[in-house]
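Chains as they are written, first to last, in our numbering: chain E, 34 to 425; chain Z, -16 to 565. Positions of the beta carbon are idealized from the N, C-alpha and C atoms, including for glycine. Remember, it's a predicted structure, so these values are computed and weren't measured experimentally. One structure below.
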């Protein structure tokens, strides 16, 4: 168990989700085990008794998430409702407990995968191990980050930024990671063997995570080699793809890729109808935030932007399209492949960014960075143009 | 009353007679419906012999059935299993559960024994027992055709009438309640068929909330590559798993002597789709539609059947797989048990079966001819009679499905602890060990698996009781289904509240099995899995399972499940769960 604890401690810290204090991790099989001692264990052990779960993470998030989450929680009526794709699809909403008691927390965790306790931290749980709790923890941080910046921009537009929000905003932007920079090079063409394809996918995935263009789970990656598309598996960490790449025959003659990323239909459409071979999909935060900033007044589709936006929208010259995860009637596989033609990337509303390359992952990776950095600059330009609240 | 009908039909075939019982709302809340409620009603009779006239045969649907709840068209058929002696049940699709609720019943409890072959015909509140002597030995498809127009049908075939221990019941001509030998229970009561149709509606407490919760589930299933993905079961049927099991080197081959079938690529779901061009269909109220049927009404085999009638027998003829599936359905036999019994026979007799022999042996089993008489008793009894019990790949006497436990250790533990014997669906850890949902776990480790299996069992007990399809839980969770349950019934609940019900249902089944003498010695796997490797090559080693690690995991499971060291229930825990002694 110690090895598992160390793995998730490292994942949480390395991805900037927790710190400086280490997270508290609990796993229950026949007996309950913890990664370390902590006075809150008594409360959490009582929560384990009340829930049919086998794993739990409790931690203060690291800055800037801590300030964001505490602010959103304290100003909520008990529920935070982000509008990003992750929340809409998987989390539904983010409940808050203003008390750190086992009964209060357990009663919320009976209905949701996470609970935020302002001033204390986030608790997430899993029924099949720490990985599940980790994914939820990461999703909560991501969703709150996106919501905070979306809300701030909206309030700035409406001229309603109150003092507290502004203070938190100023504090948060001081704690932001610096814009991503990358001067190196990824494996270059020709990716002419399966071995090289696997290596290139793993390298690009790892660098995408290392540059925090995604949290570990938020993304997928593929490369077409001959009549096969090699794609990351569903729920795989982009920095751990060694045994998590599915070969997907383009003629559909094998169902092995049934475990491929849920975005396989989109990757499939792109490589079948263009000369693009390398596809990278991440959820860089400012691209997602700006995709949700829409000035169109009196739109008939307001509230359904993620399903079917009737307008042509762009940010920093990059198209923004609607579309949902997977294969449903509003799947983004119906919008992204067409929109990406002739463009360095496409942003899916409230979701993430797709970039492509014709020979290897150099171009998609650089475009991912460039578009995100452009969106970040654009975000703060928009804020500055509205009111002088600080700078990045 | 919302969700439930509040009526159960008790039919006695000896007289024959029937009456309506009104269940207590508290019982409905405590056991939900389907498998849970059937378990409640059978528990006091569970120590009777499976063929005792007083042994009930129960058909129950859940509160979500006949509403707009997603994937909720299923039902459970339960009795004491003729094959295993344990609690025996089968969750089945089609439209029987839907019609049962429309007719105004949450369930039917059938006792007694007719003096001649009979059928039960239900139309709303009218129940009629018919003479079915003229249908003796008729195949299920024939009988279903003759009964068309009378609603949904549940029919047994010649196999059950001939005493085959793994007899099935076929719903609506295509959907098999295959496991546990439930078809034979019908035959023990001289019951050839049931038809049912109704016109009633199931009241929903809050349709608006149901619509919202339904959309949540639709969004999640759309995001699921396994369900609605390009290579998912909606497009290819459950056979979509075939390639994956072979690629992961855990496809049971040659009676589980190997775990990889080198001809698999010729018999995969793509090959079936290309050759037979089936159309999509499914259970009533389901949007996944994983059932594949051709234009001439031939059912494309489910994954287990595809795998066992090819790899397990070393058969490479795709037509034989379809034919074997058709014979099993027409004769009314469980395909998993039938194929596994043939594989056992093949190994014991040291004879590879040709396609013609496979077909002819299946007919012999169904018709009780020649060696078919012995094979009709299942692999365990056949191998035991031959002095080779070690070659029967069974747990608690029921043949194992098409996931080799050496390739997924949670599956190994789940097979062993399953209350109905060799079954993949009680906990279905393949979901996380292979399909990576909700997240991936290490398939070659028992670490943490004891509680995962316990939680998985509780989850699926709830699914079988609501009654919803277990496949939908590859994407959704009880979090979403609690919202649906509340919207339908008006009873405020949470996912964790439902887990508690699932725990009660599983514990009840453990209690019933313990009352029939089941202990930890029955929670075990065939010795082959601890002694023989499955595959070695390509960097994938399918090793024998470490016996000590398995036993430790099983002990951990007993602790997680709050059982005694020998796997039997604890009175205090039963009481806490509201379960009276049996």
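Taken through DSSP and simplified to helix, strand or coil, residue 45 of chain E comes out as helix. In the structure shown, residue 436 of chain Z falls within a helical segment according to DSSP collapsed to helix, strand and coil. Contact note: residue 539 of chain Z reaches chain E through 62, 63, using a C-beta cutoff of 7 Å and chain order. Spatial neighbours of residue 383 of chain E in its own chain (CB-CB distance under 7 Å, excluding positions within 5 residues in sequence) are listed in chain order as 116, 117, 118, 321, 324, 325, 339.
The straight-line gap separating the alpha-carbon atoms of residue 76 of chain E and residue -3 of chain Z is approximately 59 Å. In the structure shown, the three-state DSSP call for residue 105 of chain Z is strand. Around residue 122 of chain E, the beta-carbon contacts reaching into chain Z at under 7 Å are 202, 203, 206. Residues of the same chain with a CB within less than 6 Å of the CB of residue 244 of chain E, apart from the 5 flanking positions on each side, are 213 in chain order. Distance from the CA atom of residue 238 of chain E to the CA atom of residue 220 of chain E, rounded to whole angstroms, is 12 Å. Annotation: residue 334 of chain E has no Cβ neighbours in chain Z at a cutoff of 8 Å; minimum Cβ distance is about 17 Å. For residue 184 of chain E, the enclosing alpha helix (DSSP H) covers residues 163 to 191. Assignment of residue 349 of chain E by DSSP, reduced to helix, strand and coil, places it in the coil class. When 8 Å is used as the limit between beta carbons, residue 233 of chain Z is near no residue of chain E, the shortest such separation being about 13 Å.
Chain-ordered listing is empty here: chain Z has no CB closer than 9 Å to the CB of residue 147 of chain E, the nearest sitting near 11 Å.
The continuous stretches of beta strand (DSSP E) do not include residue 366 of chain E, and DSSP gives it neither H nor E.
Per DSSP, residue 180 of chain Z is one residue of the beta strand (DSSP E) stretching across 174 to 180. Chain order gives the chain E residues near residue 199 of chain Z as 125, where near means a beta carbon separation below 8 Å. Proximity of residue 82 of chain E to chain Z, defined by a Cβ-Cβ separation below 8 Å, is not satisfied.
Of the other Cβ atoms in all chains shown, fewer than 16 fall within 10 Å of the Cβ of residue 280 of chain Z; this residue is therefore exposed. Setting aside the 5 residues that flank it on each side, residue 292 of chain Z is surrounded in the same chain by 284, 298, 303, 304, 307, 308, 318, 322, 341, each with a C-beta closer than 8 Å to its C-beta; the list follows chain order.
For residue 419 of chain Z, the neighbours in chain E by C-beta distance under 9 Å run, in chain order, 266, 267, 268, 269, 277, 292. In the three-state scheme derived from DSSP, where H, G and I count as helix and E and B as strand, residue 72 of chain Z is classed as strand.
In the same chain as residue 376 of chain E, and ignoring 5 residues on each side of it, the C-beta atoms closer than 7 Å to its own belong to 351, 352, in chain order. Each residue's CA atom was taken as its position, placing residue 274 of chain E and residue 255 of chain E some 11 Å apart. Secondary structure of residue 39 of chain E (DSSP, three-state): helix. Distances from the CA of residue 460 of chain Z to each of Z/197, Z/38, Z/261 were compared; the closest alpha carbon is that of Z/197. For residue 543 of chain Z, a Cβ of chain E is located within less than 8 Å of the residue's own Cβ. By alpha-carbon distance to residue 130 of chain E, the top candidate from E/333, E/286, E/270, E/107 is E/107.
Annotation: the continuous alpha helix (DSSP H) that includes residue 346 of chain Z extends over 338 to 350. Put simply, the CB of residue 225 of chain Z is near chain E, with a gap under 8 Å to one of its CB atoms. Taken atom to atom, the span from the alpha-carbon of residue 350 of chain Z to that of residue 400 of chain Z is near 33 Å. Assigned with DSSP and collapsed to three states, residue 266 of chain E falls in strand. Residue 211 of chain Z reaches chain E at 359, 360, 361, counting residues in chain order whose Cβ is nearer than 8 Å.
Put simply, of E/173, E/178, E/153 the residue whose alpha carbon is nearest the alpha carbon of residue 146 of chain E is E/173.
Around the beta carbon of residue 531 of chain Z, fewer than 16 other beta carbons sit within 10 angstroms, so the residue counts as exposed. At a cut-off of 8 Å between beta-carbon atoms, residue 342 of chain E makes no contact with chain Z.
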